[in-house]
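J.: Questions regarding the structure given below will be posed in turn.
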Amino acid sequence: DARVTQTPRHKVTEMGQEVTMRCQPILGHNTVFWYRQTMMQGLELLAYFRNRAPLDDSGMPKDRFSAEMPDATLATLKIQPSEPRDSAVYFCASGLGGHSNQPQHFGDGTRLSIL
Amino acid sequence: AQRVTQPEKLLSVFKGAPVELKCNYSYSGSPELFWYVQYSRQRLQLLLRHISRESIKGFTADLNKGETSFHLKKPFAQEEDSAMYYCALGTYTGTASKLTFGTGTRLQVTL
């Protein structure tokens, strides 16, 4: 059963520190999404890629967040410097992306706490 | 622009009672609808999609284009159904597909 893999599962750090979250999409999936989930805002789309090219990162605070896909098996989401309001669960999802009826497959998430 | 509305934040039902989780959408194109389920502190999992017309774990959902709805139903709720449920609308931008999620409904099944 192929799965999206995210690391780390949990991260606790102090404000001002750099945070890097990693995602390995399902082999063969060419579209990767980053979401943030909080109690207040629910599920928010931060950015997404197709064939490693960024398509839309309008949901992401540009001054401190960055998302990249250095290769087809790795997507990263970085926060520098981190702030307490960044505390959330960050999910990565992947899909085939070629049609609107394609589902997304989610990873287990990274639970981030900024002190 | 597309939009998904789930009017109920919390739905509490007794075990054995029928369940209906509401979802309405707004989209000018041909809609592709999904339901995802998230059990406590776990990942979102695809529950069902309208194109498959399937029943998963006893849940069904019918797309009603006239009412722009895709409500999730189950005739008899079980305790293990307690979870967060998200309705999502799939769209294709010309370069990639993406999902627009509703705000979710927490289903609580009590004895």
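If you're matching them up, the sequences are chains A and B in order. If you read the first sequence in the working numbering, its first letter stands for residue -9, the second for the next number, and so on. If you read the second sequence in the working numbering, its first letter stands for residue 211, the second for the next number, and so on. Just so you know, even glycine gets a beta-carbon here, dropped at the ideal spot from N, CA and C.
Would residue 246 of chain B pass as a contact of residue 298 of chain B if the rule is Cβ separation under 8 Å?
T.: Reading the second sequence from its first residue, position 36 is the one you call residue 246 of chain B. Reading the second sequence from its first residue, position 88 is the one you call residue 298 of chain B. In contact: residue 246 of chain B and residue 298 of chain B (Cβ atoms closer than 8 Å).
J.: Would you call the CB atoms of residue 241 of chain B and residue 273 of chain B closer than 8 Å?
T.: Taking the first residue of the second sequence as 1, we reach residue 241 of chain B at position 31. Taking the first residue of the second sequence as 1, we reach residue 273 of chain B at position 63. Yes, they are a contact pair.
J.: Pick out whichever of B:257, B:309, B:282 and B:307 has its Cα sitting closest to the Cα of residue 162 of chain B.
T.: Limits of chain B in this structure are 211 at one end and 321 at the other, which puts residue 162 of chain B out of reach.
J.: How do the segment 87 to 105 of chain A and the segment 50 to 63 of chain A stand: do at least 3 beta-carbon pairs fall below 8 Å, yes or no?
T.: No, the segment 87 to 105 of chain A does not touch the segment 50 to 63 of chain A.
J.: Can you give the beta carbon distance from residue 9 of chain A to residue 15 of chain A, rounded, assuming they're within the 8 Å contact cut?
T.: Residue 9 of chain A sits at position 19 when you count from the first residue of the first sequence. Residue 15 of chain A sits at position 25 when you count from the first residue of the first sequence. The Cβ separation is near 20 Å, so there is no contact.
J.: Taking a contact to mean a Cβ-Cβ separation below 8 Å, would you say residue 131 of chain A touches residue 78 of chain A in this structure?
T.: Because chain A here runs from -9 to 105, residue 131 of chain A falls outside it and cannot be looked at.
J.: Counting pairs of Cβ atoms below 8 Å between the segment 300 to 314 of chain B and the segment 84 to 91 of chain A, do you hit three or more?
T.: Touching, per the Cβ criterion.
J.: Does DSSP classify residue -2 of chain A as helix, strand or coil?
T.: Sequence index remark: in the first sequence, residue -2 of chain A carries index 8 (1-based). In the structure shown, residue -2 of chain A sits in coil (DSSP, three-state: anything other than H, G, I, E or B).
J.: So, at 6 Å on beta carbons, what are the nonlocal neighbours of residue 264 of chain B in its own chain, with the 5 sequence-adjacent residues on each side left out?
T.: Residue 264 of chain B sits at position 54 when you count from the first residue of the second sequence. These residues qualify, in order along the chain: 258.
J.: Taking the C-alpha atoms as reference points, what is the distance between residue 271 of chain B and residue 302 of chain B?
T.: Locating residue 271 of chain B in the second sequence gives position 61, counting from the first residue. Locating residue 302 of chain B in the second sequence gives position 92, counting from the first residue. Their Cα atoms are separated by approximately 22 Å.
J.: Please report whether the beta-carbon of residue 12 of chain A lies at a distance below 8 Å from any beta-carbon of chain B.
T.: What you label residue 12 of chain A is simply residue 22 of the first sequence in a count that begins at 1. Residue 12 of chain A does not count as touching chain B.
J.: In this structure, does DSSP put residue 290 of chain B in helix, strand or coil?
T.: Locating residue 290 of chain B in the second sequence gives position 80, where the first residue counts as 1. In this structure, residue 290 of chain B counts as helix in the three-state DSSP scheme.
J.: Interface residues of chain A around residue 305 of chain B at Cβ under 8 Å?
T.: Taking the first residue of the second sequence as position 1, residue 305 of chain B is located at position 95. Under the 8 Å cutoff, chain A gives 40 and 45.
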